[in-house]
Every structure is written in structure tokens, then in C-alpha cells.
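>
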Amino acid sequence: MAEAPALEEVVRFTSDLIRIDTTNRGGGDCRERPAAEYAAQKLAEAGLEPTLLERTEGRTNVVARVEGTDPFADALLVHGHLDVVPAQAADWSVHPFSGEIRDGVVWGRGAVDMKNMDAMILAVVRDWAREGVRPRRDLVIAFTADEEASAVDGSGFLADRHPGLFEGCTEGISESGAFTFHDGAGRQLYPIAAGERGTGWLKLTAHGRAGHGSKVNRSNAVTRLAAAVARIGAHAWPLRLTPTVRAALTELTAVYGIDADLDDLDDMDDMDGLLKKLGPAAALVEPTVRGSANPTMLSAGYKINVIPGEAVGHVDGRYLPGGEDEFRTTLDRLTGPDVGWEFEHREVALQAPVDSVTYARMRAAVEEFAPEGHVVPYCMSGGTDAKQFSRLGITGYGFAPLKLPEGFDYQALFHGVDERVPVEALHFGVRVLDRFLRTA
């Protein structure tokens, strides 16, 4: 089990990494290199040989391999991203890049997304070096750039241009799984991610006839775009149960003693009734029982009395595994003949088996240190670098363990104000990660 030095290091590394501002504003506006160099140094001190790779200057990735004891076993990818989303200091209780440790909590942007996991990985690997521990199978450690945008400078670049670094990897673990979910009724759930909805970020363009704002105009681009956006925003996407979500509902209904025949769920009214019975735990599945498309940005015109000839909107679309064709067909219908649409960014939906040996070992590692908890699978509503690594045939799971106190809304802190993580949660994470990776 992870020793005292690893428990101290995970807290210090989390704080140190937070203090390195790696804000990703999109459009290439980010510089991960200082954090990459920090991680590479810690890996090198553990006797590893990290490689730093860049597609764009300053957008740095780190990859290293830990040799396992079984040369015939498939390798496991363990990855975390180094960039973070923007934070407005005026909105925070502490400066978002202070890494302040106060009252047993580490504060700052990246505390849960996901410099905490980066720190756990470093702490475990260094602890093994001190103790002379080797995992059963090779581990490929990767710290990536650009996950909070397109991943073109991060995992996409690594998968496309440096696939040899991931030779033998068949599975991977990363963020958003094995955290404590308190249901408000005394139960503790530990969801492990075994799927992700696909990403379809869309640009909508409406064309019309430009003209004076005082004149009749039945070819108004703004009107056309507004109508399409309203249809998209109001659309009720149909119920679609993927294997991962079905498995999640099967285990959740067992935990809560709910008699439910999932084969009899015909529409969203039926699903809404089941979700109501699950109470707060419904949040683990509700975003992933169907696709979604949320309008997020609108842009048109340059003067109040001028009707523009073009109007542009953006939509954050997400589709389930196997649902991309339905998603495309639905968008064609909702946008209509007067509005065109295209993918600005598209990535695949993912599923991972919940009956695999790896999933069972993740479950066992959590249960060893949280025997009171209920481990359940779930599908992420968003996406991670696992999408890009799937191009290499790597099956991805979300497994970044944290034991959190009741009232600590982990999911709300992703990209939220006053992001923070308890020290004890980091200690739990190191112990669980160490336990899993030794035998994975």
C-alpha cells in the first residue's frame, strides 16, 4: 500500500501543478510546457525516461513507460491532461492559481479536473521506485495538452503521430470515475465510467437577403437562424438505452430495491418515472439516456438598422454510441432548408465492457478502501482524451478515485468556481490507484 511519502507528495504535487497556470482558452491559446517539464522531472527522479513531444511550440505532452513483470501481458495506458479551463479570480474565494492548502483542502483550478489525478499518478510511480515495486503489466504514463479544447495538440497528436509509444496498450484509465457520490439518504455510490457520449460541436449558418431594417424582408437570415435554434433547443430526443447505461440502471435499481423491467421502458415518460424513484442517484444516468443538442452561441449583424445577409449559431451536440446517424438526420430536419450546419469538432462515442477483468479489478480496489460503498458503472455525458486514444484500439475507463465528504458536489466543481479537493480524498485516491495498478 502507498506509504507516507506518497501521501505527502500527492498533496504537494497537486498544489504545485495548480500554481502552474495552464489555462486553455481555445484557439491554441495555452502553454502546458512548464507543467509538462514539472511532471517529466518527477518521473525522471523515479528512474523513468519521459519523452516530451510537441505539435505546436509550448503545447507539450509527456509519455513514459513503466516496465511490468509479465512481458506477455497487454499494456495499460494511464493518462491525465495538464490544461485547465479559464477561471475569473474575482469570482473565487481564493486565487484560482494559488494552490492554497487550507483546512485540509487544496484549492485552485484543476483540483478535480484533473491535476489531482496527475499528482496521484506521479505519487504512485515514485512510491514504487522507492519500494522497488513493479506492476504486473507495462504501464504507459501520458500527460497531455489541449484536452479542454480540440485535443489536436494533445492526445490527437500523440495517437496520430506517435502511436509507437503506446504499443501493446489495449485499455486505459483517466478522469471522471470512482469518486464518492452521496445520494442524500446515507448511501455512497462510486461510479466508474465505462462509456462516453460522442461530441458533435456544430456551426449553423443561415443566409438571407441583406437590407434596410425598416423594410419588409421575408428572407431574414437572423429570423431563419432563430427559428432553427428554437427548434433544436425544444427538441425532445428519444430514449436510447446503451449497454453501459442499461448496466448502470440494472445495478442502481438493485441498490435501491426497485422492481423495474428495463425492456418495458418504451419512452421518456417511462424513464422519467424510473429516474424519479432513483432520487439524486438519477443524476448519474439522466444525461445519457438520450442524445442532446444545446444552442450555446449566436452571432449576426453589425448595425441595428441593417438586416444582415448571414447569421451564425453554435450548438453543443452529444450523441450516444451507435447514434451518430440519427443525430445527423435529426439536425438536418431541425435546421430545415434555410440553415446549413457542419461539424466544427466531432469525436466518437465510446463504450467499455463492464464485465471485463479490468473493471472487476477497479471495483475491487475501490471496495477494499470503501467497503461501505456501492460501485456502479456509468456513461459520461461529455468526453475525454479516451476518444482520441480509441483510434489506437485502446478501450477507455474513467477511474480517478476520490473519497469525498457528504455535501461536496464533485461534479459541480468541474469547470466551476472555487474548485477544490480534500487532502483525505487525495490520500484515498493514491491508495486505491496504487492497489489497482499493481495488479491491473
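Residue numbers (the numbering used here): 20 to 459. We put the CB at the ideal spot given by N, CA and C, even for glycine.
Taking the alpha helix (DSSP H) that Lys-134 belongs to, which residues open and close that run?
Taking the first residue of the sequence shown as position 1, residue 134 is located at position 115. Its alpha helix (DSSP H) spans residues 134-150.
> Just the Cα atoms here: how many angstroms apart are Glu-305 and Leu-62?
The residue you call residue 305 lines up with position 286 of the sequence shown. The residue you call residue 62 lines up with position 43 of the sequence shown. Glu-305 and Leu-62: Cα-Cα distance of roughly 39 Å.
> So the candidates are Asp-280, Thr-33, Leu-350 and Ala-92; which of them puts its Cα closest to the Cα of Val-16?
The chain is shown from 20 up to 459; residue 16 falls before or after that span and cannot be answered.
> Measure the Cβ-Cβ separation of Tyr-378 and Ala-197 and say whether it is below 8 Å.
Taking the sequence shown and counting its residues from 1, one reaches residue 378 at position 359. Taking the sequence shown and counting its residues from 1, one reaches residue 197 at position 178. For Tyr-378 and Ala-197, no; Cβs fall outside 8 Å.
> Using 8 Å as the Cβ pair cut-off and three pairs as the minimum, do the stretch 324-332 and the stretch 240-252 touch?
As far as the Cβ criterion goes, the stretch 324-332 touches the stretch 240-252, which means the pair count is three or higher.
> Answer yes or no: do Leu-423 and Ala-444 have a C-beta to C-beta separation smaller than 8 Å?
Taking the sequence shown and counting its residues from 1, one reaches residue 423 at position 404. Taking the sequence shown and counting its residues from 1, one reaches residue 444 at position 425. Result yes, Cβ atoms of Leu-423 and Ala-444 sit closer than 8 Å.
> Please state if the CB of Gly-129 and the CB of Ile-37 are separated by a distance shorter than 8 Å.
Counted from its first residue, the sequence shown places residue 37 at position 18. Counted from its first residue, the sequence shown places residue 129 at position 110. Closer than 8 Å, so yes.
> Any idea what DSSP makes of Ile-251, helix, strand or coil?
Position 232 of the sequence shown, counted from the start, is the residue given in the question as residue 251. Ile-251: helix per DSSP, three-state reduction.
> In the structure shown, what three-state DSSP assignment does Lys-234 receive?
By one-based count along the sequence shown, residue 234 stands at place 215. Coil.
> Between the stretch 348-360 and the stretch 161-174, are three or more C-beta pairs nearer than 8 Å?
No: fewer than three Cβ pairs fall under 8 Å.
> Kindly give me the distance between the Cβ atoms of Glu-194 and Thr-403, rounded to whole angstroms, as I take these residues to be in contact under 8 Å.
Against the sequence shown, residue 194 aligns to sequence position 175. Against the sequence shown, residue 403 aligns to sequence position 384. About 6 Å separates the two Cβ atoms, so the contact holds.
> In or out: Asp-89 buried (at least 16 other Cβ within 10 Å) or exposed?
Here residue 89 corresponds to residue number 70 of the sequence shown, with the count starting at 1. Per the 10 Å Cβ criterion, exposed.
> Report the rounded CA-to-CA distance for Asp-137 versus Ala-301, giving the unit in angstroms.
In the sequence shown, the residue the question calls residue 137 occupies position 118. In the sequence shown, the residue the question calls residue 301 occupies position 282. For Asp-137 and Ala-301, the distance between alpha carbons rounds to 29 Å.
> Might you give, ordered along the chain, the residues of its own chain that have their beta carbon closer than 6 Å to the beta carbon of Gly-118, omitting 5 neighbours on each side?
Counting from 1 along the sequence shown, the entry for residue 118 is found at position 99. Only Ser-34, Ile-37, Arg-38 and Gly-127 meet the Cβ criterion.
> Span of the alpha helix (DSSP H) holding Pro-24?
Numbered from 1 along the sequence shown, position 5 holds the residue referred to as residue 24. Unbroken alpha helix (DSSP H) run through Pro-24: 23-38.
> For Asn-477 versus Asp-288, is the C-beta distance shorter than 8 Å?
There is no way to answer for residue 477, as the model of the chain reaches only from 20 to 459.
> Let's test the definition: count the other Cβ atoms within 10 Å of the Cβ of Lys-406 and tell me whether it reaches 16, buried, or not, exposed.
The count along the sequence shown starts at 1 and reaches residue 406 at position 387. It is buried - the Cβ of Lys-406 has at least 16 other Cβ atoms within 10 Å.
> Going by Cα to Cα distance, which pick from Ala-229, Ser-311 and Gly-276 is closest to Tyr-321?
Translated into positions along the sequence shown, residue 321 becomes position 302. Comparing Cα positions, the closest option is Ala-229.
> Mind checking who Ile-326 pairs with in its DSSP beta bridge?
Within the sequence shown, residue 326 is the residue found at index 307, counting from 1. Looking at the DSSP assignment, Ile-326 forms a beta bridge with Gly-230.
> Return helix, strand or coil for Thr-41, following the three-state DSSP convention.
As a first step, residue 41 must be located in the sequence shown, where it is residue number 22. DSSP places Thr-41 in coil when its eight states are reduced to three.
> Of the residues Leu-158, Arg-347, Arg-44 and Arg-52, which one's Cα is nearest the Cα of Glu-167?
One-based indexing of the sequence shown puts residue 167 at position 148. Glu-167 has its Cα closest to that of Arg-44, out of Leu-158, Arg-347, Arg-44 and Arg-52.
> Between Trp-147 and Gly-252, what straight-line distance do the alpha-carbon atoms span, to the nearest angstrom?
One-based indexing of the sequence shown puts residue 147 at position 128. One-based indexing of the sequence shown puts residue 252 at position 233. When rounded, the distance between both Cα atoms is 51 Å.
> Let's test the definition: count the other Cβ atoms within 10 Å of the Cβ of Phe-185 and tell me whether it reaches 16, buried, or not, exposed.
As a working note, residue 185 is residue 166 in the sequence shown. When all chains shown are included, Phe-185 counts as buried.
> With DSSP as the reference, please indicate the residues paired to Thr-70 in a beta bridge.
Numbered from 1 along the sequence shown, position 51 holds the residue referred to as residue 70. Val-82.
> Closer than 8 Å by C-beta to Tyr-429: which residues in its own chain qualify, once you throw out the five before and the five after it? Chain order, please.
As a first step, residue 429 must be located in the sequence shown, where it is residue number 410. So the list reads Val-131, Phe-198, Thr-199, Phe-200, Leu-421 and Leu-423, once near-sequence residues are dropped.
> Taking C-beta to C-beta, are Val-367 and Ala-142 nearer than 8 Å?
Counting from one through the sequence shown, the residue named residue 367 turns up at place 348. Counting from one through the sequence shown, the residue named residue 142 turns up at place 123. For Val-367 and Ala-142, no; Cβs fall outside 8 Å.
> Where does the unbroken alpha helix (DSSP H) through Thr-163 begin, and where does it stop?
Walking along the sequence shown from the start, residue 163 turns up at place 144. Element bounds for Thr-163: not the alpha helix (DSSP H) but the beta strand (DSSP E), 158-163.
> What is the rounded straight-line gap between the Cα of Leu-208 and the Cα of Leu-271?
Position 189 of the sequence shown, counting from 1, holds the residue named residue 208. Position 252 of the sequence shown, counting from 1, holds the residue named residue 271. Their Cα atoms are separated by approximately 9 Å.
> Quick one: measure Cβ to Cβ for Phe-408 and Gly-401, integer angstroms, because I've assumed they're closer than 8 Å.
Working through the sequence shown from its first residue, we reach residue 408 at position 389. Working through the sequence shown from its first residue, we reach residue 401 at position 382. Phe-408 to Gly-401, Cβ: 16 Å. No contact.
> Is it a yes or a no for the stretch 77-85 touching the stretch 388-401, going by three-plus beta-carbon pairs under 8 Å?
The stretch 77-85 vs the stretch 388-401: no contact.
> Arg-156 and Gly-87 - do their beta-carbons sit closer together than 8 Å?
Position 68 of the sequence shown holds residue 87. Position 137 of the sequence shown holds residue 156. Yes, these two residues count as a Cβ contact at 8 Å.
> Whole-angstrom Cβ separation of Ala-108 and Pro-115, contact assumed at under 8 Å?
For the purposes of this step, residue 108 is taken as the residue at position 89 of the sequence shown. For the purposes of this step, residue 115 is taken as the residue at position 96 of the sequence shown. Ala-108 to Pro-115, Cβ: 6 Å. Contact.
> Given this structure, state the Cα-to-Cα distance separating Val-436 from Val-235, to the nearest angstrom.
Mapped onto the sequence shown, residue 436 falls at position 417. Mapped onto the sequence shown, residue 235 falls at position 216. Approximately 46 Å, taken between the alpha carbons.
> How about Phe-418 and Met-381: do their beta carbons lie closer than 8 Å?
Taking the first residue of the sequence shown as 1, we reach residue 418 at position 399. Taking the first residue of the sequence shown as 1, we reach residue 381 at position 362. Yes, these two residues count as a Cβ contact at 8 Å.
> Which first and last residues belong to the alpha helix (DSSP H) in which Pro-262 is found?
Looking up residue 262 in the sequence shown gives position 243. Looking at the DSSP string, the run of the alpha helix (DSSP H) that includes Pro-262 is 262-274.
> Could you tell me the alpha carbon to alpha carbon distance between Gly-342 and Gly-310, rounded to whole angstroms?
Residue mapping note: residue 342 aligns to position 323 of the sequence shown, counting from 1. Residue mapping note: residue 310 aligns to position 291 of the sequence shown, counting from 1. In a straight line, the C-alpha of Gly-342 is about 8 Å away from that of Gly-310.
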